[in-house]
Amino acid sequence: MSETIRVDIWSDIACPWCYLGKHRFERGVEAFQAQHLEVDVVVESHSFELAPDTPLDFVGSEIDFLVKHKGMPREQVEQMLSQMTEMAAGEGVVFDFGKVKHANTRRAHRVLHLAKERGLQAPVMERLFRAYFEQGEDMSDPDALARLGAEAGLDADEVRAALDSEEYGQAVDGDITRAQMLGISGVPFFLIEEKYGVSGAQSADAFAGHSSRCSGSCAEK
Numbered sequence: 085m086s087e088t089i090r091v092d093i094w095s096d097i098a099c100p101w102c103y104l105g106k107h108r109f110e111r112g113v114e115a116f117q118a119q120h121l122e123v124d125v126v127v128e129s130h131s132f133e134l135a136p137d138t139p140l141d142f143v144g145s146e147i148d149f150l151v152k153h154k155g156m157p158r159e160q161v162e163q164m165l166s167q168m169t170e171m172a173a174g175e176g177v178v179f180d181f182g183k184v185k186h187a188n189t190r191r192a193h194r195v196l197h198l199a200k201e202r203g204l205q206a207p208v209m210e211r212l213f214r215a216y217f218e219q220g221e222d223m224s225d226p227d228a229l230a231r232l233g234a235e236a237g238l239d240a241d242e243v244r245a246a247l248d249s250e251e252y253g254q255a256v257d258g259d260i261t262r263a264q265m266l267g268i269s270g271v272p273f274f275l276i277e278e279k280y281g282v283s284g285a286q287s288a289d290a291f292a293g294h295s296s297r298c299s300g301s302c303a304e305k
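Basically the working numbering = 1-based index in the sequence shown + 84.
Written as structure tokens, this is what we have:
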């Protein structure tokens, strides 16, 4: 019988390391499964808000937010984001921080919970990441989220209904509460088989190694 490895991932759409980590993780899983054809990797993503205090009507770039709201020197922020852009480009991930509109991501997380119910969590998450970091879409704008969700296979009307849904809001809070109980203070965070925690956007080889160590010892058969 085939084995199954479960991986739970906490991330935020507005987190560049989460986007980069997602791609590194996926490459690691591909490398792992090429060597372990009998093992299925089941992934479930969970909500985490890095800046929940961001106003829904915030207007400004990622640089503006870090400078004005986090008190970081502009030169330091620009250098940090430039280095991040260069590193990501080397791995095929596009960041265009000149376009990025910093936003409260709670509505986007509600959309991801709708997508989970519809079996479309992975493509919707990828679409939102790309829209935010590459195309400068506003993750708090209902029209943008409805359009982006529809592009990834969701019903636009369902997306609009989800944006202020108490049910999906509770689902977001549940993910965040569980993260707090697990002691997660930063993202991305990967929990393998509810036993092994991996923090940060580690390399694809590192993820493949973690999966290999888990296979056979903690996978369900």
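Even for Gly, the Cβ is constructed at its ideal location relative to N, Cα and C.
Over the uninterrupted beta strand (DSSP E) stretch that includes residue i, give me the two end residues.
| i | result |
| --- | --- |
| arginine 90 | 87-95 |
| glycine 105 | Premise fails: glycine 105 lies in the alpha helix (DSSP H), 100-119, not in any beta strand (DSSP E). |
| serine 129 | 123-131 |
| valine 282 | 280-283 |
| phenylalanine 273 | 273-276 |
Going by DSSP, what residue range makes up the alpha helix (DSSP H) through residue i?
| i | result |
| --- | --- |
| phenylalanine 213 | 205-217 |
| isoleucine 357 | Given that the chain is displayed from residue 85 to residue 305, the structure contains no residue 357 and the question cannot be resolved. |
| isoleucine 268 | Here isoleucine 268 belongs to no alpha helix (DSSP H), and DSSP marks it neither H nor E. |
| serine 166 | 158-173 |
Less than 8 Å between the C-beta atoms of residue i and residue j, yes or no?
| i | j | result |
| --- | --- | --- |
| glycine 223 | alanine 245 | Reading off the sequence, residue 223 comes out as methionine, not glycine. Contact flag unset, no. |
| glycine 112 | alanine 292 | yes |
| phenylalanine 179 | methionine 164 | no |
| glutamate 235 | arginine 211 | yes |
| serine 129 | leucine 196 | yes |
| aspartate 259 | phenylalanine 149 | no |
| phenylalanine 181 | glutamate 159 | no |
| valine 256 | glycine 233 | no |
Measuring only the C-alpha atoms, how far is residue i from residue j?
| i | j | result |
| --- | --- | --- |
| lysine 183 | leucine 229 | 17 Å |
| leucine 104 | valine 126 | 19 Å |
| arginine 190 | glycine 176 | 27 Å |
| isoleucine 93 | leucine 275 | 6 Å |
| phenylalanine 109 | glycine 284 | 10 Å |
| arginine 90 | tryptophan 101 | 21 Å |
| glutamate 304 | valine 282 | With a pLDDT of 39 at glutamate 304, under the threshold of 50, the modelled position of this residue cannot be trusted, and the question is left open. |
Considering only C-alpha positions, which residue in the set the options is nearest to residue i?
| i | options | result |
| --- | --- | --- |
| serine 97 | Ala206, Ile268 and Cys298 | This sequence places isoleucine at residue 97; serine is not what is there. Selected option, being the one with the closest Cα: Ala206. |
| lysine 106 | Pro272, Ala290 and Val151 | Pro272 |
Using 8 Å for Cβ pairs, my map puts residue i next to residue j. What's the rounded Cβ distance?
| i | j | result |
| --- | --- | --- |
| glutamate 122 | serine 86 | 5 Å |
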